[in-house]
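First the structure, in the form of structure tokens, and then the observations on it.
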Amino acid sequence: MTFEWDYLMEVLPLIAQASLVTIEATLGGFALAAVLGLLLAVLRSLRFAPVRVAVSVFIEAVRSTPLLIQLFALYYILPGIGIIIPAMACGILALGVHYSCYCAEVYRAGLDNVPRGQWEAATSLNFTTYDTFTRIVLPQAVPPVVPALGNYLITMFKETPILLTISIIEMMSRALIIGKDTFRYTEPVTVVGVLFLLFSLTSAWGVRRFGAWLTGRWG
Amino acid sequence: MEPIIKFDKVTKRYGDLTVLDRLDLDVAPNEKVSIIGPSGSGKTTVLRLLMTLEKIDGGVIHVDNEPMTHMPSPGGTLVAANEAYLRRVRGKIGMVFQHFNLFPHMTALGNCAEAPIRVLGLSKDEATGRAAELLEMVGLADKINHYPSQLSGGQQQRVAIARSLAMRPKIMLFDEVTSALDPEVIGEVLEVIRSLATEHNLTMLMVTHQIGFAREFSDRICFFSDGRIAEQGAPCEILDNPRNERTQQFLRAVLHAT
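One line per chain: the protein sequences are A and B, in this order.
Take 231 as the starting number for the first sequence in the working numbering and just add one per residue.
Take 21 as the starting number for the second sequence in the working numbering and just add one per residue.
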């Protein structure tokens, strides 16, 4: 088996273009996961038992079933009940919801780390629950867990090839299509692997810097 | 005079442990009361119940002639207070904690201005003006832009006092506010409390181990033992002529240690 650099250079632009789809799905999915995860973590920390139980059940259910099945459920079942959304939106939704449940666990660790005295001080100053979270607790709970959230960003990124099952042409999917046409898989798949490595390393570095910046701001 | 704080047979339990046992306690407006006693005697619980940090298991606390832990129902009986009611009555009370509990992500000024802006609805200018004034009063005019991590324990505790005062409470609670401090900075915090006591019309409740300070600061000292007031009276009565055997024991131990 030979490795042809000319062929590699030929497929590189095609795959690089498809990588934009990968990045879009990752960033979209992660934005959703970060926001929804925070919401789930906050809801679960409230004293109101019905909400707490409902959120816990939801998180357990999502974490205990494969992403692939959730993706299929959204893609094939939603249209059946009259909800038609584009494949990309569906992919972002599935990634976002799935990872929000992991992010919720991370946020929970952050919330648990805020000393009880902070809540008590907020109560003694008569803050509303909303202000207690947004002004006092979350600014302390979130920065320390940013690196852990970043790990899920990278994990999610590496899981985007799953989107080819709902016919989204991201990097991996593009490489397989090229391979099918030319019977040469080595070069395109190698390109995909190297791009994944490159992107992962870059985002790991970015996440570290962001986390350091957040904690450094407090003087 | 009508008491501003009235504990009416207040009971608090943690599981099987009864921390406060049908406690009756009246505090007059502007009165300075010190609460002393061995640990586990329920002293701090008195303050925590007043600040609504804990739920009450029996009895009623009245503040300013209003039930605090309970609210009147349409039928005229008292029911457990909901959050909206608590938020209204809680505004009369400020509390300073043993471990300061300053917000680490805000400067001294931010710590003092945040609640007036968010809770009282003051404008930013008004709130920072008030905060700066109070920080000056506690002797920290040059530290307003420092974060808590850049301040000593004594300075942090003075910020915490200013933060509570910024809400203009009628009643101030001090929960062992010098216990976490190095000995050399205890004085600066007590000095601030002393000037508050003489220059402001505040009702003050203080849980403390500083017997010397309690003597000069208080109108009355309550000695707690096993969830009840074992003995109370003017500082000279309690400290110099304790009648209760437990008070005598406690004072011997405390005074011997210092």
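For glycine and all other residues, C-beta sits at the position ideal for the given N, C-alpha and C.
This structure is a prediction, so every number in the text was calculated from the model and none was measured.
*Who are the neighbours of Asn121 (chain B) on chain A, taking C-beta pairs under 8 Å?*
On the second sequence, residue 121 (chain B) is found 101 positions in, with the first residue counted as 1. Within chain A, the residues Pro345, Gly347, Gln348, Glu350 and Ala351 have their CB atoms less than 8 Å from the CB of Asn121 (chain B), given in chain order.
*Since Ser54 (chain B) and Thr228 (chain B) are thought to touch, with beta carbons under 8 Å apart, how far apart are those beta carbons, to the nearest angstrom?*
In the second sequence, the residue the question calls residue 54 (chain B) occupies position 34. In the second sequence, the residue the question calls residue 228 (chain B) occupies position 208. Right, their Cβ atoms sit about 6 Å apart.
*Mind checking who Ile55 (chain B) pairs with in its DSSP beta bridge?*
If you number the second sequence from 1, residue 55 (chain B) lands on position 35. As DSSP reads the structure, Ile55 (chain B) sits in a beta bridge with B:Val227 and B:Cys242.
*Write down every uninterrupted run of the beta strand (DSSP E) in the stretch 182-223 of chain B whose length is 3 residues or greater and which is fully enclosed by it, in chain order.*
You should have 191-195.
*According to the neighbour-count rule (16 or more other Cβ atoms, all chains shown, within 10 Å of its Cβ), is Glu313 (chain B) buried or exposed?*
Residue coverage of chain B in this structure runs from 21 to 278, which leaves residue 313 (chain B) outside it and unanswerable.
*Residue(s) in a DSSP beta bridge with Gln252 (chain B)*: Here residue 252 (chain B) is taken as the residue at index 232 of the second sequence, counted from 1. Beta-bridge analysis with DSSP links Gln252 (chain B) to B:Cys242.
*Which stretch, first to last residue, makes up the beta strand (DSSP E) that contains Thr127 (chain B)?*
The sequence position of residue 127 (chain B) within the second sequence is 107, counting from 1. Per DSSP, Thr127 (chain B) is not a residue of any beta strand (DSSP E), being assigned neither H nor E.
*asked:* Please confirm whether Val158 (chain B) has its beta-carbon closer than 9 Å to some beta-carbon of chain A.
replied: As a first step, residue 158 (chain B) is located in the second sequence; it is residue number 138 there, counting from the start. Answer no: the Cβ-Cβ gap between Val158 (chain B) and chain A never drops below 9 Å.
_chain B within 9 Å of Ser275 (chain A), Cβ atoms only_ = Along the first sequence, one-based indexing puts residue 275 (chain A) at 45. No - not a single Cβ of chain B is within 9 Å of the one on Ser275 (chain A).
*Within the same chain, show all residues whose beta-carbon is closer than 7 Å to that of Phe429 (chain A), passing over the 5 residues directly before and after it, in chain order.*
Here the question's residue 429 (chain A) lines up with position 199 in the first sequence. The answer, listed in chain order, is Phe387.
*Count the other C-beta atoms from every protein chain shown that fall within 10 angstroms of the C-beta of Met239 (chain A), then say buried if there are 16 or more, exposed otherwise.*
To locate residue 239 (chain A), count along the first sequence from 1; it is residue 9. Answer is exposed; the Cβ neighbour count stays below 16.
*Would Ser184 (chain B) be called buried (16 or more neighbouring beta carbons within 10 Å of its own) or exposed?*
Position 164 of the second sequence, counted from the start, is the residue given in the question as residue 184 (chain B). Flag for Ser184 (chain B) reads buried.
*With C-beta atoms as the reference, is Leu45 (chain B) less than 9 Å away from Ile249 (chain B)?*
Here residue 45 (chain B) is taken as the residue at index 25 of the second sequence, counted from 1. Here residue 249 (chain B) is taken as the residue at index 229 of the second sequence, counted from 1. Taking a C-beta distance under 9 Å as the contact criterion, Leu45 (chain B) and Ile249 (chain B) qualify as a contact pair.
*Using the DSSP secondary-structure output, state which residues sit across from Glu400 (chain A) in a beta bridge.*
Locating residue 400 (chain A) in the first sequence gives position 170, counting from the first residue. The partner list for Glu400 (chain A) (beta bridge, DSSP) is empty, contrary to what the question assumes.
*According to the Cβ coordinates, are Val66 (chain B) and Gly111 (chain B) closer than 9 Å?*
Taking the first residue of the second sequence as position 1, residue 66 (chain B) is located at position 46. Taking the first residue of the second sequence as position 1, residue 111 (chain B) is located at position 91. Between Val66 (chain B) and Gly111 (chain B), the C-beta spacing is not below 9 Å.
*Partner residues on chain B for Phe357 (chain A), Cβ-Cβ distance less than 7 Å*: Translated into positions along the first sequence, residue 357 (chain A) becomes position 127. Those are Ala135, Arg138 and Val139, listed as they occur along chain B.
*asked:* Taking 9 Å as the threshold (C-beta atoms), are Ile137 (chain B) and Ala152 (chain B) in contact?
replied: Translated into positions along the second sequence, residue 152 (chain B) becomes position 132. Translated into positions along the second sequence, residue 137 (chain B) becomes position 117. Cβ atoms of Ala152 (chain B) and Ile137 (chain B): not closer than 9 Å.
*Would you tell me roughly how many angstroms separate the C-alpha atoms of Ala291 (chain A) and Ile313 (chain A), rounded to the nearest one?*
Translated into the one-based positions of the first sequence, residue 291 (chain A) becomes position 61. Translated into the one-based positions of the first sequence, residue 313 (chain A) becomes position 83. Each residue's Cα considered, the two are about 22 Å apart.
*For chain B, is any of its Cβ atoms less than 9 Å away from the one on Pro316 (chain A)?*
Here the question's residue 316 (chain A) lines up with position 86 in the first sequence. No, no contact with chain B.
*Continuous alpha helix (DSSP H) assignments of at least 4 residues falling wholly in the stretch 336-411 of chain A*: Those alpha helix (DSSP H) runs which fall completely within the stretch 336-411 of chain A and span 4+ residues are 346-354, 368-371 and 376-389.
_Candidates A:Ala378, A:Asn343 and A:Ser354: closest to Leu368 (chain A) by CA position_ = Your numbering for residue 368 (chain A) matches position 138 in the first sequence. Taking the Cα of Leu368 (chain A) as reference, the smallest distance to any Cα among A:Ala378, A:Asn343 and A:Ser354 is reached at A:Asn343.
_Supposed contact pair Pro189 (chain B) and Gly114 (chain B) - C-beta distance, whole angstroms, cut 8 Å_ = Numbered from 1 along the second sequence, position 94 holds the residue referred to as residue 114 (chain B). Numbered from 1 along the second sequence, position 169 holds the residue referred to as residue 189 (chain B). About 4 Å separates the two Cβ atoms, so the contact holds.
*Of the residues B:Thr148, B:Leu225, B:Gln118 and B:Arg235, which one's Cα is nearest the Cα of Arg178 (chain B)?*
Here residue 178 (chain B) refers to the residue found at position 158 of the second sequence. Comparing alpha-carbon positions, the option among B:Thr148, B:Leu225, B:Gln118 and B:Arg235 lying closest to Arg178 (chain B) turns out to be B:Gln118.
*Per DSSP, Tyr34 (chain B) is paired with what?*
For this step, residue 34 (chain B) is matched to residue 14 along the second sequence. Paired residue(s): B:Leu37.
*From what residue to what residue does the alpha helix (DSSP H) around Leu122 (chain B) run?*
Locating residue 122 (chain B) in the second sequence gives position 102, counting from the first residue. From DSSP, Leu122 (chain B) is part of no alpha helix (DSSP H); its letter is neither H nor E.
*For Gly449 (chain A), does the three-state DSSP call read helix, strand or coil?*
Position 219 of the first sequence, counted from the start, is the residue given in the question as residue 449 (chain A). Residue placement at Gly449 (chain A) is flagged as unreliable, the pLDDT there being 40, under the threshold of 50; the coordinate-derived value follows with that caveat. Shown here, Gly449 (chain A) sits in coil according to DSSP, grouped into three states, outside any helix or strand.
*Any beta-carbon of chain A closer than 9 Å to the one on Gly35 (chain B)?*
Along the second sequence, one-based indexing puts residue 35 (chain B) at 15. So, not an interface residue.
*Give me the Cα-Cα distance between Trp235 (chain A) and Val422 (chain A), rounded to the nearest whole angstrom.*
Counting from 1 along the first sequence, the entry for residue 235 (chain A) is found at position 5. Counting from 1 along the first sequence, the entry for residue 422 (chain A) is found at position 192. In this structure, the alpha-carbon of Trp235 (chain A) lies about 15 Å from that of Val422 (chain A).
*Using the beta-carbon of each residue, which ones in chain B are nearer than 7 Å to Arg282 (chain A)?*
On the first sequence, residue 282 (chain A) is found 52 positions in, with the first residue counted as 1. The premise fails here: Arg282 (chain A) is roughly 17 Å from chain B at the closest Cβ pair, so nothing lies under 7 Å.
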